[in-house]
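Note that the numbering used here has the sequence shown beginning at 20, numbered continuously upward.
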Amino acid sequence: MTLAVGIDVGSTATKIVFMNNKEDIHCHIRPTGWSPREAAQEGIRSLLDETGYSESQIKATVATGYGRIALQFADRTVTEITCHGRGAAFLIPGADLVIDIGGQDSKVLKINPQGKVLDFLMNDKCAAGTGRFLQVMAAALGVDVSELADLSANQEPVNISSMCTVFSETEVIGLLAQGVAKGAIVAGLHQSIARRMAAMVGRLGEPENKAVFTGGVALNQGVQRSLEQLMGIPVVTHKYSQAAGAIGAALIAQKML
Ligand code: ADP
């Protein structure tokens with residue numbers, strides 16, 4: 020039995036995917052920390068222990084993500100745009116748009132049914148509209164990012180007018196001081212991030228039919244709900260949404276076998 024491995028070394032989290040065939044997929048996610056190579060190697064070891072596969076069964080490894088260059092042991096490195104397109108089309112067949120919100124960047128990709136990227140836009144210059152934005156706001160609210168979706172459920176969003184993470188944090192602290200409910204603030208923050216993404220999609224032109232929501236922020240159903248409301252199309256997530264780039268890398272590795 021041969022294994023194809025995809026590794027996406029993100030700024031926040033490293034995702035490792037083992038693919039034996041397209042139905043047999045295993046995924047491991049861990050913080051990237053200070054060493055992308057160590058995160059990847061430890062992740063591979065954990066996944067080998069978990070699955071019972073042996074290292075000698077790994078026949079092709081593709082690395083992607085911002086830390087991919089540090090993985091000299093990989094057979095190939097591929098850009099995260101290409102990998103995300105491939106992975107997203109595999110996870111949600113029929114989607115023609117990918118909305119990816121990661122730890123420190125966000126991007127929108129138009130894809131064809133095979134996951135080939137037709138056009139894309141990326142924000143890696145500003146924390147607003149990324150997972151980092153929500154992490155800063157969660158800290159200001161004294162909650163964990165994993166609690167944001169529940170907090171915002173069925174809440175009327177309060178308008179967050181600042182476009183910048185630092186000013187938004189000040190605004191949040193001010194709203195808390197005025198006694199505005201946390202849930203309404205969180206709903207407003209979700210709406211703010213969704214507005215930014217919808218504006219990016221708008222700049223790509225042409226309407227879409229179905230979007231796949233990927234990246235770690237896709238675990239937050241509050242952002243998903245806001246995106247659907249604003250964009251008026253289904254915005255679909257998958258249990259492997261955070262690992263879409265690593266899945267794409269594993270699919271490319273599998274082709275190399
Ligand atoms: P990167 O690839 O840039 O390292 P990811 O796509 O892995 O980033 O996303 C990391 C982000 O996902 C974090 O900044 C955090 O905001 C968000 N995140 C991670 N886990 C959760 C969770 N359980 N609920 C909500 N958001 C989460």
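We put the CB at the ideal spot given by N, CA and C, even for glycine.
None of these values were measured; they are calculated from a predicted model.
N-terminal and C-terminal residue of the beta strand (DSSP E) that residue i is part of
i, result
"G25", "L22 to V28"
"F139", "V136 to N142"
"D124", "Per DSSP, D124 belongs to no beta strand (DSSP E) and is neither H nor E."
"V231", "A230 to T233"
Residue i CB to nearest heavy atom of the ligand ADP below 7 Å
i, result
"D124", "yes"
"Q154", "yes"
"L238", "yes"
"G62", "no"
"S165", "yes"
"T96", "no"
"T31", "yes"
"T51", "yes"
"Q261", "yes"
"R16", "Residue 16 lies beyond the range of the chain shown here (20 to 276); nothing can be said about it."
"G234", "yes"
"G207", "no"
"G121", "yes"
"G221", "no"
"G104", "no"
"G84", "yes"
Delimiting residues of the alpha helix (DSSP H) encompassing residue i
i, result
"H320", "Residue 320 is absent from the model: the chain starts at 20 and stops at 276."
"P55", "P55 to T70"
"K201", "K201 to L223"
"I271", "A263 to M275"
"T189", "T184 to A196"
Candidates the options, of which the one nearest residue i by Cα
i, options, result
"N40", "T21, I48 and T31", "T21"
"F109", "F92, R87, P132 and S187", "P132"
"M275", "R214, V81 and S181", "V81"
"E42", "S245, C183, A32 and A23", "A23"
"P112", "E74, V254 and A32", "V254"
"H45", "I271, Q273 and I266", "I266"
"G86", "A158, A32 and C145", "A32"
"A272", "D68, V205, F37 and V28", "F37"
"F264", "C145, G84, A213 and P176", "The question names Phe, but residue 264 in the sequence shown is Gly. Selected option, being the one with the closest Cα: G84."
"C145", "S187, G221, D115 and D94", "S187"
"R222", "L66, E61 and L116", "L116"
"V177", "G71, I204, I212 and S30", "I204"
Rounded straight-line distance, which links the Cα of residue j to that of residue i
i, j, result
"V192", "I35", "First, the amino acid is wrong: residue 192 is Ile here, not Val. Cα to Cα, the separation comes out at about 37 Å."
"A147", "L153", "9 Å"
"A196", "A168", "22 Å"
"V134", "A58", "Looking at the sequence provided, one finds Gly at residue 134 rather than Val. Roughly 27 Å between the two C-alpha positions."
"G150", "G52", "16 Å"
"H278", "R49", "No statement about residue 278 is possible, as the shown extent of the chain runs from 20 to 276 and does not include it."
"K201", "Q248", "21 Å"
"Q174", "L208", "12 Å"
"I120", "V155", "15 Å"
"E277", "S73", "Examination of residue 277 is not possible in this model, given that the chain is present from 20 through 276 alone."
"L194", "R215", "21 Å"
"A206", "A158", "16 Å"
"A213", "I26", "28 Å"
"S65", "S75", "15 Å"
"S245", "G161", "22 Å"
- State whether the region 139–147 contacts the region 250–269, with contact taken as three or more CB pairs (one from each stretch) at a distance under 8 Å. Contact between the region 139–147 and the region 250–269 is absent, because fewer than three Cβ pairs lie under 8 Å.
- Query: Do the region 217–234 and the region 122–133 meet, that is, are 3 or more Cβ pairs less than 8 Å apart?
  - Reply: The count of Cβ pairs closer than 8 Å, one atom from the region 217–234 and one from the region 122–133, reaches three, so the stretches are in contact.
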